[in-house]
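Peer 1:
In mature numbering (1 follows the signal peptide of the UniProt record, and there is no 0), the protein residues as written are -24 to -1, 1 to 86.
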């Protein structure tokens, strides 16, 4: 009798567990992986305090990573060289303004 009960429980629970795993919600855009050294610049609105301790090159990279994540083709040789070294970067567009999120726009204004 115990064997029948255990088998019955397994037949009932297994499809439920499998179904919940197959139909799990996809992560929202905010929790997805963003490449670069400063993904937070695209994930949340930064404050001046977040920038303390960064030198001018770090700030330039942070700012330009936002554009690079959207496929911006850089004009300055320094940024071309830097981002062409990144395996995730793929320049496609001369202008990416239409792709920027509100969060990214606020970070860029900072």
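Backbone N, C-alpha and C define an ideal beta-carbon position, used for all residues, glycine too.
Fair warning: this is a prediction, and the values are worked out from it, not measured in the lab.
How about residue 96 and residue 48: are their beta carbons less than 9 angstroms apart?
Peer 2: Outside the displayed range of the chain (-24 to 86) lies residue 96, so it cannot be described from this structure.
Peer 1: Measure the alpha-carbon distance for residue -2 versus residue 54 and round it to whole angstroms.
Peer 2: With a pLDDT of 43 at residue -2, under the threshold of 50, the modelled position of that residue is not reliable, and the figure given next carries that caveat. Distance between the alpha carbons of residue -2 and residue 54 is about 45 angstroms.
Peer 1: Which value, in whole angstroms, describes the spacing of the CA atoms of residue 46 and residue 84?
Peer 2: Taking the straight line from one Cα to the other gives about 14 angstroms.
Peer 1: Could you give the first and the last residue of the continuous alpha helix (DSSP H) run that contains residue 56?
Peer 2: Residue 56 -> alpha helix (DSSP H) spans 53 to 60.
Peer 1: With a CB to CB cut of under 7 angstroms and the five nearest residues on each side skipped, what residues in its chain are close to residue 72?
Peer 2: Contacts found: 43, 46, 47, 48.
Peer 1: Does the beta-carbon of residue 1 have 16 or more other beta-carbons within 10 angstroms, so that it is buried, or is it exposed?
Peer 2: Only weak support is given to the placement of residue 1: the predicted model assigns it a pLDDT of 41, under 50, and the question is left unresolved by the model.
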